[in-house]
Amino acid sequence: MSELNMLVCVKQVPDPEGPPSAFEVDREARRVIPKGIPPVLSPFDENALEAAIRLKEEHGGSVTLLSVGSGLSRAVMLKALASGADRLVLLDDPACDREKLDAQATAAVLAAAVRSLGGFDLILTGRQAADTNAGQVGLGLAEMLGIPAVPFARKVEVKGAGIRVESVLPDGYAVYEAELPALVTVSHEVGDLRYPSLMAIKQAKSLPVEELTLTGLGVDPASETRLELVSLVPPSRERRCRLVEADSPEEAGARLAELLREEKIL
Amino acid sequence: MALQDYLRDMEGCSRCSSCKWVPFNQVKSWRFAKNCPSVTRHNLHAFSGSGKMIMGLSMVSGRSELNDTVTEIIYRCQLCGACDTACKVYRDDIDLMDVLLALRAHCVEQGQLIPEHMLTIDALKREDNVFGEPKARRGDWAEGLDVKDAVGEKPQVLFHAGCRYSYDPDLRETVRGAVRLLRSAGVDLGIAGADEACCGGRAFELGYQGESENFADDMVSRVKATGASVLVTACSDCYAAFNYLYPRMGKELGVELYHITQYLEKLAGEGRLRLRQRVPKLVTWHDPCHLGRKSEPFTGEWKGDKLLRPVTMKRTGKKGVYDAPRNVLKSIPGIELVEMERIKGYAWCCGAGGGVLEAFPEFAAWTAAERIEEALATGAEALVTSCPWCLRIFRDAVEETGALLEVYDLTELALVSAGEGVLAGGAAR
Amino acid sequence: MSVEEARREFVELLGEENVSWEPAVLDCYAWQPTFNDDPDRWVKRPVAVVLPSSTEEVQEVVRICNRHGLRFKSFSTGWGAWNGPTFDNVVQVDLRRMDRIVEIDAKNMYAVIEPYVNGAQLQAEAMKVGLNTHIIGAGPNCSPLASATSGWGVGHDSIYMSYSARNLLGVEWVLPDGEVLRLGTLGSSGEWFNGDGPGPSLRGIMRGSCGALSGLGIFTRCALKLYNWPGPPEMEIDGIMLDAKMEVPENIGYYMCFFPDRKAFSDAMYKLGEAEIAYNALATSFGGYFDILTPRLFRKIEHADSIRSMIVNTFKYTLAILFAANSARELAYQEKVLHAIVREHGGFAMDVTRIKDFFSMLFMSFVRATIPALVFRMGGSFSTALDRNDALDSQAAWREVVREIKEGYIRKGQILDDLADNPYFVPYENNTWCHCEVVYQYDPRDPKHREALEPIFLDVTIAAIERCMEPLFTSDPRVRRLISPLAGNFSKYQQAISRGLDPKQAADNTLYSAEADFDFSGIDPQRVRRLQEVVEQRRW
Amino acid sequence: MAGKKGSKSGLREALAGLVGPDAVSDSREELEVYAGAGEMPALVVRPSEAAQVAELVRLANREKLNLVPVSSGPPHIHGGSWPLKGSVIVDLSGMRRILRTDRRNKVALIEPGVTFGQLQEAVEPLGLRVLKPLMPRANKSVIASALEREPITIPKYHWDMNDPLLCTEVVFGSGEVFRTGSAAGPGTLEQQWAEGHAQKNPLGPAQSDLVRVVQGAQGTMGVVTWATVKLEVKPQARRIYFLRESDLGKLIDFSYRVLRPKQTDEHLILNRWALACMLSEGAEEAARLAEKQAPYTLIYTLSGYEYFPQERVAYLEEDVGRAAQVSGVVPEREIPGVPLQRVWEMLDRPCSGRYWKERVRGGWREIFFITTLDRVPRMMEVMGEVLKRHAWPREEVGVYIQPMQLGRNCHLEYGLFFDPEDADAAAKAEGLCREAAADLADAGAFFSRPYGGWAEVAYSRCPDTVKALRMVKDMLDPGGVMNRGKLCFQEVG
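Protein chains in written order, with this note's numbering: chain A, 4 to 269; chain B, 19 to 447; chain C, 159 to 698; chain D, 5 to 497.
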């Protein structure tokens with residue numbers, strides 16, 4: 004098969020590994036404000052990028068990174084680019100703030116971007132974004148583009164003129180094959196994104212970066228939005244502590260099990 | 019606190035430029051009067067403590083934007099804190115150091131990231147150390163030492179080596195010597211080995227304060243798990259993290275904390291450490307920033323008008339660890355201590371801190387070379403310090419510049435004096 | 159005008175790292191909140207900042223500005239609003255890289271310095287050879303070259319070391335057209351030891367009681383008189399300011415004297431001057447010390463009239479006097495004279511050297527003038543009412559005048575309560591004449607305080623004219639327009655000098671030759687009338 | 005304006021209209037006194053008040069006159085006031101009022117004609133003393149001396165080059181009246197006094213010090229109509245000391261040691277010939293006296309003021325004695341062959357009768373400039389070579405070294421005395437001095453007061469200064485009416 008022209012859609016999110024205290028909720032503005040943590044690529048998107056790079060290594064081709072958002076970090080994107088992608092396409096617009104854009108609107112903007120860029124054989128996305136965990140954008144995008152989609156990939160391979168994908172199920176996996184162009188949403192089982200070298204990051208500055216605009220794409224995210232955020236509150240956490248008293252560890256264990264059953268935790 | 023929360027501090031700057039100089043009482047010469055590596059090297063006002071605050075003010079006021087140039091200026095700074103000490107001679111209502119930290123957190127939150135620092139953070143997340151070396155090999159340095167496994171053997175004293183001592187092969191003998199020294203004084207000592215992790219201080223200074231908190235939480239639980247009642251660290255960076263940053267983040271280690279110089283002073287005072295062998299040397303002492311002004315204990319956060327803040331809650335740099343290492347040095351027979359001009363709360367930085375070594379190594383080396391010159395100006399044969407980061411960069415600088423100066427860790431000299439070692443030529447490697 | 163072209167040429171001349179036009183970097187030169195009575199506190203943002211390292215580079219920078227229709231504004235250490243640009247097309251020339259002490263001629267008692275040497279550095283080096291440098295009251299962070307050539311120049315060592323303008327010998331001066339003018343012996347033989355002549359002294363157009371504040375070019379090197387220092391060559395001090403600990407050096411005497419009333423104070427001051435005994439002398443009120451030493455306490459006793467009155471009136475006339483004697487004999491003589499004079503005038507003298515901690519704290523604060531900057535502590539900023547100096551009696555009166563003005567603003571909560579009586583009162587040259595400025599402190603972050611700055615300034619200006627004084631901030635175009643007609647139309651001459659030396663008007667010279675009107679809107683019409691009245695009365 | 009434009013009689017009338025007919029003269033006899041070695045002036049006018057001076061300058065602008073201000077009585081020595089042909093001499097020596105003395109602030113406000121003797125007489129009863137140059141002639145104007153930056157004999161009171169001159173009123177060549185220093189205004193002098201001012205501050209007004217460009221200008225910028233001068237307290241105890249030495253280096257070393265801590269009052273060095281001439285009535289007596297003197301004598305005094313004067317002198321004597329010891333010199337209390345009283349007079353009084361330089365042989369040439377004490381030996385060498393070349397007896401050259409600016413530099417003066425009837429000697433002195441000036445300047449001598457031919461020597465070395473000076477001249481004397489042809493203003497006017 005000829006070289007694959009791949010597109011990986013990546014989302015910039017506040018580092019999900021930050022401590023709970025790093026996520027401050029502004030109820031009034033209905034926003035989560037990250038404190039003291041950097042933006043990162045949503046981890047599943049990193050997996051998608053890793054999958055794409057591996058395919059490129061095996062079969063040649065190119066990897067384009069596409070990110071839509073507001074206040075996108077060049078550093079984060081360059082690092083992603085440096086991992087082994089070939090070019091970067093950004094749509095950075097306040098209207099695309101991740102707090103404003105719902106899945107539908109995101110997919111619509113991405114679809115417009117993909118149409119505008121044109122010519123991709125394979126589109127990869129993360130299975131879901133680390134901030135919303137909705138998992139809708141990839142499939143929505145495929146729908147809008149009218150191409151087949153395979154979710155939850157744990158392995159993506161080229162097979163003949165198409166692809167073969169192992170898709171994670173709760174108790175195993177299913178194998179799908181699809182013709183190209185197609186879209187795959189990638190799961191973490193694919194493996195972590197490799198670490199670029201410092202040299203690669205610095206050199207990535209010389210790789211092509213394109214900027215798209217909403218007007219250029221002729222898409223209005225506001226009119227595509229279907230979701231209304233009514234309120235945003237941090238989950239209330241309540242801790243009640245009960246000491247299990249017993250004479251021996253064995254007895255305490257047994258008592259604890261009973262209690263857990265009583266509370267319907269087990 | 020976010021950058022805009024420091025608005026009053028930033029707009030409180032009168033631009034007097036005291037932040038660029040050693041506190042004026044202590045200016046002793048033309049040559050060594052400046053205190054800030056950043057503005058001394060780069061000259062534009064923006065590089066000074068004041069300049070960085072004004073840039074912050076400018077951005078918060080919507081007059082300018084954070085971009086790569088501004089980010090680089092913010093990070094071309096060791097966060098050594100000398101500006102903060104100098105500023106506080108005159109001001110009660112500006113916490114310059116906090117503004118510098120907030121600026122970095124702001125950069126990180128805005129995704130204005132320095133690539134080298136991103137890698138450091140990746141390394142930390144992946145391997146629990148700033149170098150990205152394998153976690154499993156963290157304890158290798160202690161191989162064959164007579165020391166307890168802190169995990170399970172319940173030592174009284176937990177020895178925390180820190181990332182640099184754990185992985186820097188050139189410093190391996192130094193840290194092993196420190197342990198031998200403590201053991202020779204009969205200290206019931208344990209190390210966590212592969213279970214030790216980074217203190218997270220570096221992440222904090224790079225602006226990744228959230229990531230840093232994860233490490234603090236982790237450290238607290240690990241220390242508790244060992245059951246040790248005393249924590250001794252040979253690393254000044256870690257000491258400052260434990261003594262200042264952790265309380266600032268609301269984390270309690272729940273142990274008695276010592277920097278090794280303090281612990282040696284205590285042991286010597288109790289007669290457990292006997293420094294009897296003569297070490298005939300004219301030496302000068304370099305106060306590591308993190309052992310000195312930056313380790314000053316956290317005394318609570320003052321809410322409201324800082325002009326009314328009690329002096330006891332103002333960080334002035336005076337309460338760092340300055341006397342302990344000097345006392346130990348002086349107790350070594352044969353050692354003669356000559357002071358450099360910039361010492362204690364107004365000491366010139368070694369150059370390695372604040373992520374400069376990682377991102378701007380040539381600037382770090384220049385800063386170290388400045389200090390070497392200052393040390394040479396005292397006529398001393400040796401520069402002594404007690405921080406692996408300082409030690410490393412000074413040894414590199416001496417090698418680079420060919421300066422005739424030996425560089426020692428305090429424990430190296432103490433070890434010799436305790437009759438447990440010998441000095442191996444120039445730099446005791 | 160081509161800013162782009164000029165920037166390119168600057169980079170070519172100085173290298174990338176010594177030129178910037180990054181907005182946030184430029185803002186570091188536009189933030190000039192001190193001595194800035196514009197409530198905005200920002201001054202104009204320069205179009206570029208450049209860092210020359212030599213006289214030749216300074217010349218070239220100036221020539222580039224001339225070629226491209228830009229103006230230049232230089233500064234040395236850069237503290238105070240007068241260092242910032244006043245036009246839209248200004249290149250800020252930061253002289254930081256010119257930081258060398260070129261020479262100390264210990265025999266002939268002068269030092270040749272570049273702009274970015276500060277007072278503390280020069281003093282430290284001078285003391286090593288038994289000499290000292292005059293340090294202005296603003297503190298040792300300031301550039302001695304700047305105060306001698308371009309600014310003002312009073313300090314509490316002025317009784318022994320004069321006023322900055324009078325300490326100049328040879329001067330190297332890059333004129334606004336890029337040519338170099340070397341004053342005195344420097345121009346004739348390359349030596350630094352004299353600054354006047356041949357014939358008429360060009361120091362006369364270089365500066366007056368105030369300098370041109372970069373409005374007439376850039377001073378790149380100058381020779382400054384140094385003075386005798388009989389104290390130790392290096393000071394052994396532990397601590398950085400209020401925590402300082404030190405032994406009393408040999409032949410040093412330090413006294414705090416208290417006088418019962420203004421007459422006793424003034425009479426005694428005249429006598430002390432004539433006795434030629436002092437090394438440092440600063441008269442102020444006790445409140446003046448304690449508001450900076452214990453600002454929190456002061457915030458607490460605000461408006462507590464009884465305590466206020468006690469502090470104000472008990473120790474109103476305080477003189478700190480320092481002796482640095484050349485021998486024990488001399489010190490004994492100086493102390494004897496001091497006691498005699500103080501006693502004769504009904505005062506008492508406290509020997510500070512005997513209160514060791516207090517001495518430790520104050521000694522370098524005095525000798526190096528590190529203490530005045532503590533004036534920031536109360537609220538973050540201060541300003542000062544100063545006038546052209548003359549006989550001590552006139553200055554003693556000025557103190558009272560400004561105290562009155564301040565009281566009104568303190569009552570309204572528009573400046574901080576420092577007990578109103580806060581003079582920086584120092585004699586020059588063995589009290590041959592005198593300086594008294596009255597400090598007022600405020601919090602620049604408080605809009606109410608900021609709003610009061612202009613009215614106070616106007617009040618002080620009116621008061622100065624009333625007392626036949628030239629307000630020293632004649633660098634302010636508004637004051638210049640008011641005062642010039644009352645003082646020989648000096649503005650006309652300054653403008654002529656500016657035109658003569660600066661044909662293309664490339665220097666940012668607002669503070670030297672521009673004139674402007676006060677904005678009287680919002681000012682009590684009675685005060686405006688009063689101003690017009692005193693202006694009429696004070697013509698000759 | 006009365007009188008015909010351009011004609012001398014018309015001019016005379018016009019001037020008489022300003023100052024009164026008695027105050028204008030064109031008598032040749034009178035004019036010759038002013039001519040000096042210059043050309044014959046056309047007229048002399050003697051204003052009696054400041055306002056007349058201003059009018060006079062304005063008239064000069066209209067009539068394109070050349071005004072040459074003169075304040076001291078004759079002889080006019082240095083050439084600063086030697087006129088070009090046809091000049092109008094403005095003789096201010098008649099304006100000799102002491103307008104105010106102020107004991108408390110130690111200052112006197114005086115007119116230009118006031119002489120040192122006159123001022124001394126006025127202030128001594130107040131307990132003050134006048135800062136003066138060494139042995140000025142009796143009719144020397146205090147203001148003229150200060151305007152010419154003549155060095156005073158007490159270096160510790162010479163803080164800056166313009167001392168002891170403080171504030172002035174000056175009529176610029178433009179005819180505009182200006183006041184400098186704290187006299188500038190706001191307020192009249194009377195109003196200023198009422199507010200406690202005393203015109204003590206020499207700086208300003210504002211951002212220039214125009215008094216400094218009037219000083220040293222030899223009358224080319226304007227005419228000073230009154231000025232304040234700084235006075236000092238008259239000591240209650242005084243002692244004089246002499247260091248008699250052949251090694252000038254030791255005296256220089258001693259000078260540095262005691263000038264730095266401001267220990268001495270009067271402080272100067274004379275060679276034996278200068279000392280002898282100053283203390284003698286003529287060359288023969290001088291020759292006799294000189295034989296008894298050491299090659300160099302440093303004269304210094306120690307003083308005590310109001311409080312414990314004797315104790316001040318006593319401790320200083322010990323401290324200065326220590327310095328002398330270190331320098332290897334021995335203070336003595338007298339010099340041979342001269343009663344102390346005469347030395348005191350030399351220090352304290354202007355010359356009574358004839359000017360001392362005139363007394364020696366009648367004629368003299370001098371050469372003086374500024375250098376530093378440590379450069380003096382080098383200057384002596386240079387001068388020695390010139391003397392040798394011209395075969396002028398070395399021992400008959402007076403040397404006067406006067407530290408200035410608290411010891412930071414010094415006035416170095418050589419005096420050559422000759423019989424004015426002896427044309428050869430006069431010509432020789434003339435040539436020698438011209439050559440010496442050039443050689444000394446090459447060696448770094450600074451001719452800060454460039455009279456006559458020294459102007460060329462001084463200004464050829466500093467073209468940038470010349471350019472700026474001309475700019476200043478154009479500003480203050482746009483019509484070029486003030487003392488044409490002096491300094492570097494040859495082309496002007």
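In this text, a Cβ means the ideal position worked out from N, Cα and C, and glycines have one as well.
Predicted model, so just to flag it, every value in this text is computed and none were measured.
Residue range of the unbroken alpha helix (DSSP H) whose run includes residue i
{"i": "C/R687", "result": "P683 to Q695"}
{"i": "C/Q217", "result": "T213 to R225"}
{"i": "B/I353", "result": "No alpha helix (DSSP H) holds B/I353; the beta strand (DSSP E) holding it covers I353 to L355."}
{"i": "C/Y318", "result": "S316 to M319"}
Proximity to residue i [Cα-Cα], best of the options
{"i": "B/S313", "options": "B/C98, B/S36 and B/V117", "result": "B/C98"}
{"i": "C/V560", "options": "C/L384, C/D551 and C/Y598", "result": "C/Y598"}
{"i": "D/G325", "options": "D/V262, D/A290, D/E285 and D/E295", "result": "D/V262"}
{"i": "C/A549", "options": "C/R625, C/I395, C/L480 and C/I641", "result": "C/R625"}
{"i": "D/Q267", "options": "D/E400, D/Y245 and D/G253", "result": "D/Y245"}
{"i": "C/R636", "options": "C/Y600, C/T619 and C/E673", "result": "C/E673"}
{"i": "A/Q99", "options": "A/D89, A/A116 and A/A85", "result": "Rather than Gln, the amino acid found at residue 99 of chain A in this sequence is Cys. Looking at the Cα atoms, A/A116 is the closest of the given residues."}
Alpha-carbon to alpha-carbon, residue j and residue i
{"i": "C/I623", "j": "C/M536", "result": "30 Å"}
{"i": "A/L113", "j": "C/L253", "result": "53 Å"}
{"i": "D/G7", "j": "D/D478", "result": "Bear in mind that a pLDDT of 43 at D/G7, under 50, signals an unreliable position, so the number given afterwards is only what the model happens to contain. Cα to Cα, D/G7 sits roughly 29 Å from D/D478."}
{"i": "B/Y24", "j": "B/L84", "result": "17 Å"}
{"i": "C/V406", "j": "C/R225", "result": "58 Å"}
{"i": "D/L480", "j": "C/R165", "result": "39 Å"}
Unbroken beta strand (DSSP E) run spanning residue i, endpoints
{"i": "A/Q15", "result": "Q15 to P17"}
{"i": "D/H415", "result": "N413 to F422"}
{"i": "D/P407", "result": "V401 to M408"}
Neighbourhood of residue i by C-beta distance below 6 Å, restricted to the same chain and skipping five residues each side
{"i": "A/H62", "result": "L7 and V161"}
Beta-carbon proximity list for residue i, same chain, < 7 Å, skipping 5 on both sides
{"i": "C/W591", "result": "N547, D548 and A549"}
Whether or not the stretch 31-42 of chain A and the stretch 169-186 of chain A are in contact is what I'm after, with contact meaning three or more pairs of Cβ atoms, one per stretch, closer than 8 Å; do they touch? Because the criterion of three Cβ pairs below 8 Å is not met, the stretch 169-186 of chain A and the stretch 31-42 of chain A do not touch.
Taking contact to mean 3 or more Cβ pairs, one atom from each stretch, closer than 8 Å, check whether the stretch 201-217 of chain D and the stretch 177-192 of chain D are in contact. yes
Three or more beta-carbon pairs under 8 Å between the stretch 182-199 of chain C and the stretch 428-441 of chain B, yes or no? no
With a threshold of 8 Å, are at least 3 pairs of Cβ atoms found where one atom belongs to the stretch 80-95 of chain B and the other to the stretch 374-392 of chain B? Result yes; three or more Cβ-Cβ pairs closer than 8 Å.
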